[in-house]
Amino acid sequence: MQVKRHALLSPSVGTQRELLSFHYGQPGRGEKVYLQASLHADELPGMLVLHHLKQKLAALEARGELLGEVVVVPVANPIGLNQTLMHGQLGRFDFASGENFNRQYPDFLALLGEQIASRLSQDAEANKRVIRAAMGEALAAIQPTTELASLRHTLVSLAYDADVVLDLHCDFDAVLHVYTETPYLDQAEPLNRYLGARAVLLAKGSGGASFDEALSGHWWRLAEQYAGRFPIPLACLSATVELRGETDVYHHLAEQDAANLLAFLQHRGVLAGPAPALPEPACQPTPLAGSETLRAPHAGVVAFLKQPGDYVEAGEVVADVIDPLSDRVSPVLAGVSGVLYARGIVRYATAGMDLCKVAGKVAFRSGNLLSA
């Protein structure tokens, strides 16, 4: 195992942060897998999962059972990890810019441009190498000017040539669920099954230039753009794995998740030996555009009637919002049928506040599908 330290751009005199990456296996041998946790720095379950995964990878490497390269970044956001306001950790948005740490990653399709066509051939594997080389060249030409930009640049530079990228997050109060792009569903299915995902949300570009889609999206777009001219493989399965809720930070869950991630790596051939049998799927994938966010109709106390993981029918009451001054009680009804996969933890709602999300089967939204 090799530890690499990546200095971030210093935002002020006397201040310097760094990102640490842990490298297992042999670069260039087999597939490369990249895993990171806590890009939203207050989402901590993944950090504990990668702690356990590191121990397991070290043992596998010592026994010569790693057949590929695995890069682990257990603390993907040292900037957000140091953002505390009035005893509360706030790790989703950068204090300096107000930007979401998981937005505005490079658009490789735009960076590669039309000139990539002159380097492509009828050999899909060669095209994969050419595209990755061009991605590396594009990244090398970028000069970050802020600490946040240098963090984004460092993370993408570590992951751009990976065959698998897993970005570990969590929601407020949730069951385990996975976001990935629709063209990668077949590749993602074993991951979803090993993890026991209770919702799998699919989109072809959800908007916002998130980390995971920055690494996967250009592959299917190039494949569509050059269909019939050049074969382009879907060379990077990238997924955001939501490891339940923000308080689900327990050793038994983290050990279970780490073991399931290793089972997936074994299924991909990154680890020696036969992979465990695939479990039955815990859900059927649904479109992210079919996910409904239920909101508070007015201010008041929130009393949920449904738990994360419950299946709700359209028209069913999911929560009540109670104005304790007027005694007005407003039921909040699901507009679609599906699994309630995430809900908020704040129990006093302001008018219009997001309360929970239901994974509907039929797409009805368009445009940017991500929350702030």
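Each residue of the sequence shown is one higher than the one before, counting from 1 in our numbering.
Cβ coordinates follow ideal geometry from the N, Cα and C atoms, glycine included.
Cβ shell of residue i (< 6 Å), same chain only, five flanking positions each side left out
| i | result |
| --- | --- |
| A334 | V312, A314, E316, V318 and V358 |
| E114 | none |
| V178 | N192, A197, V200, A239 and V241 |
| A41 | N77, G80, L81 and G91 |
| P287 | L202 and A363 |
| S337 | E313 and A314 |
| A223 | I232 |
| L139 | S157 |
Proximity to residue i [Cα-Cα], best of the options
| i | options | result |
| --- | --- | --- |
| E43 | L20, K54, E31 and V75 | V75 |
| D173 | S366, L369, L355 and K361 | L355 |
| I322 | Y105, S337 and A351 | A351 |
| V301 | V73, D310 and R328 | R328 |
| F22 | G14, K32, T15 and Q89 | K32 |
| R17 | G46, T146 and F93 | T146 |
| Y24 | P297, V13, D186 and R63 | R63 |
| Q225 | T180, I116, G273 and L57 | I116 |
| P190 | L294, G367 and P279 | P279 |
| A209 | L369, V13 and A259 | L369 |
| T247 | R295, P183, A296 and L176 | L176 |
| P106 | M135, Y194, L195 and N127 | M135 |
| L66 | R244, A299, G269 and L195 | G269 |
| G245 | A159, A259 and H169 | H169 |
| Q2 | D186, K56 and V72 | V72 |
| R343 | F95, Y194 and R295 | R295 |
| Y160 | M86, Q187, N260 and L109 | L109 |
| K204 | L185, Q104 and L195 | L185 |
| A58 | Y194, L148 and L271 | L271 |
| L234 | Q89, F93, Q104 and I131 | I131 |
| P324 | G98, Q256, H298 and P308 | H298 |
| A259 | L195, T180 and Q104 | L195 |
| P276 | A303, A289 and L261 | L261 |
| P45 | D257, L305, S326 and S371 | D257 |
Cβ-based burial, residue i [other Cβ within 10 Å; buried from 16]
| i | result |
| --- | --- |
| F101 | buried |
| Q36 | buried |
| V346 | exposed |
| A214 | buried |
| Y348 | exposed |
| P331 | exposed |
| G273 | exposed |
| S206 | buried |
| S291 | buried |
| S366 | exposed |
| R152 | buried |
| R29 | exposed |
| K361 | exposed |
| S38 | buried |
| Q89 | exposed |
| A133 | exposed |
| E137 | exposed |
| E181 | buried |
| P183 | buried |
Residues near residue i in its chain [Cβ-Cβ closer than 8 Å; skip 5 each side]
| i | result |
| --- | --- |
| T154 | H6, L8 and L19 |
| S150 | L8, L9 and P144 |
| A96 | P11, T146, E147 and L148 |
Range covered by the beta strand (DSSP E) that runs through residue i
| i | result |
| --- | --- |
| G136 | That residue, G136, is in no beta strand (DSSP E); its alpha helix (DSSP H) goes A124 to A140. |
| V358 | D354 to G360 |
| D320 | V317 to D323 |
| H177 | H177 to E181 |
| H169 | V164 to D171 |
| A37 | K32 to A37 |
| L20 | E18 to G25 |
Close beta carbons around residue i, own chain, < 7 Å, minus the five adjacent residues each side
| i | result |
| --- | --- |
| Q26 | E69 |
| L48 | V249 and A254 |
| C283 | A197, R198, A199, V200 and V339 |
| A12 | Looking at the sequence provided, one finds Ser at residue 12 rather than Ala. Closer than 7 Å at Cβ, skipping near neighbours: no residue. |
| C236 | A162, D163, V165, L215, S216 and W219 |
| Y341 | A174, V175, H177, R198, A199, P308, K357 and A359 |
| D171 | E242, G245 and A342 |
| A289 | A203, A363, F364, R365, S366 and L369 |
| T293 | D354 and K357 |
Boundaries of the alpha helix (DSSP H) in which residue i is found, first to last residue
| i | result |
| --- | --- |
| I79 | P78 to L81 |
| R193 | L185 to L195 |
| F264 | H251 to R268 |
| F108 | F108 to L112 |
| G46 | P45 to A62 |
| T154 | E147 to A159 |
| S216 | F211 to Q225 |
The ligand GTP heavy atom lying under 8 Å from the CB of residue i
| i | result |
| --- | --- |
| V301 | The model depicted lacks the ligand GTP and carries no ligand whatsoever. |
Is the segment 114-129 close to the segment 218-233, with three or more CB pairs under 8 Å? yes
Hey, is the segment 253-272 in contact with the segment 202-221, meaning 3+ C-beta pairs nearer than 8 Å? no
Evaluate contact between the segment 46-53 and the segment 249-258, counting only Cβ atoms and requiring at least three cross-stretch pairs below 8 Å. yes
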